[in-house]
Every structure is written in C-alpha cells, then in structure tokens.
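Residue numbers (my numbering): 9 to 148. For glycine and all other residues, C-beta sits at the position ideal for the given N, C-alpha and C. One structure below.
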Amino acid sequence: MKTFNAFNKFFAYAFLCSMVFLYSCKDKDSVDPSMADQVTGTYNVTSISQGGIVVTLPMQGVSGEYSVSKINDSKVKVSYVLKSAGYPDEVGSEDATLKKANDGSIEFHTTEKVGNFANNTITFAFTDENGDITIVAKKK
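Structure, rendered in structure tokens:
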C-alpha cells in the first residue's frame with residue numbers, strides 16, 4: 009500500500025508542476041497598439057469636397073496622398089501632397105495631437121485642421137478663404 013500511496017503523491021506533484029508550466033507558457037494578453045501606431049501609414053485621397061461639390065479621386069490630373077508618422081504615442085506628423093495638372097503641387101506638414109473620441113474613433117487636433125480616423129480612413133475637415141473643405145483619405 010505504501011508504494012501505491014507514494015505513486016499517487018508523485019503523480020499529483022507531477023500533474024501540478026505540469027499545469028503550472030503550461031499556464032506560464034500561455035500567450036499573454038496582447039496590448040492594444042497606441043493611437044499613433046494605429047494611424048501611422050500612407051493614405052490615398054479618395055475625395056475632396058467644398059461648397060457641396062464632391063470630387064472623387066484619383067481622376068485625370070488630380071491626386072493626393074497623406075503620410076502619417078509617429079512622434080510619440082499620442083502625437084503624429086501629418087504630411088500631404090495634393091497634385092493638380094497645370095498647378096504647382098500643394099505640399100505641407102503639421103504635427104497633430106491624437107485624442108480618443110467617444111465613439112471610439114481617433115481625432116486629429118492641429119492648429120488649423122481637425123481630422124478623424126476610423127476604419128482605416130482619415131477625414132480632414134477645415135475652413136480656408138474659400139469655405140469649408142473636407143478631404144477623405146483611405147489607408148494604402
């Protein structure tokens with residue numbers, strides 16, 4: 009009987025050790041990427057609207073691209089190139105602070121533009137001397 013009892017103790021101990029080992033090897037919960045990591049990338053402009061007129065891009069002679077690069081977890085640099093045949097390229101860049109919106113999207117806040125990121129699409133809305141402008145760009 010003592011041999012059987014010793015075997016049970018050994019088996020119980022081995023089982024316990026193997027469970028601890030297997031649990032320690034379990035995949036750790038993945039950490040959500042930072043807001044900057046989520047929005048970083050290159051985007052093709054798909055539409056520009058102003059004064060109720062919507063232009064779908066690309067179209068012959070007109071195209072646009074945004075590039076978003078991470079500065080830190082909540083700040084990015086937004087660079088853009090808007091091309092129109094017969095006109096000089098419009099280029100520029102600004103730093104944007106990122107904030108989580110109530111609806112789960114990510115908002116861009118800069119000195120003059122406000123954008124929103126959701127479903128791999130950035131929508132920039134701002135006002136210039138010609139009125140309200142909305143630019144929509146889809147991640148490549």
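{"Item": "Distance between K108 and E73 (C-alpha atoms, nearest Å)", "Value": "24 angstroms"}
{"Item": "Rounded straight-line distance, which links the Cα of N138 to that of S59", "Value": "Per the sequence shown, the amino acid found at residue 59 is Gly instead of Ser. Approximately 9 angstroms between the Cα atoms of the pair."}
{"Item": "Exposure label - V99; buried when at least 16 CB within 10 Å", "Value": "exposed"}
{"Item": "For V84 and V53, the rounded distance between their alpha carbons", "Value": "18 angstroms"}
{"Item": "Whether T65 touches S75 by CB criterion (8 angstroms)", "Value": "According to the sequence displayed, residue 65 carries Leu and not Thr. Result no, Cβ atoms of L65 and S75 do not sit closer than 8 angstroms."}
{"Item": "DSSP bridge partner residues for K107 (one or two, in chain order)", "Value": "E115"}
{"Item": "Among N128, S57, N80 and F116, nearest to I141 - alpha-carbon criterion", "Value": "S57"}
{"Item": "Endpoints, alpha helix (DSSP H) assigned at V76", "Value": "Where V76 is concerned, there is no enclosing alpha helix (DSSP H), although the beta strand (DSSP E) it sits in stretches over V70 to N80."}
{"Item": "Test item: CB-CB of K91 and S71 under 8 angstroms", "Value": "yes"}
{"Item": "Extent of the continuous alpha helix (DSSP H) run through D97", "Value": "That residue, D97, is in no alpha helix (DSSP H); it is neither H nor E in DSSP."}
{"Item": "Terminal residues of the alpha helix (DSSP H) in which V47 lies", "Value": "M43 to V47"}
{"Item": "Check whether E148 and T129 have beta carbons under 8 angstroms apart", "Value": "Per the sequence presented here, residue 148 reads as Lys, with Glu not at that position. No, Cβ-Cβ distance for K148 and T129 is not below 8 angstroms."}
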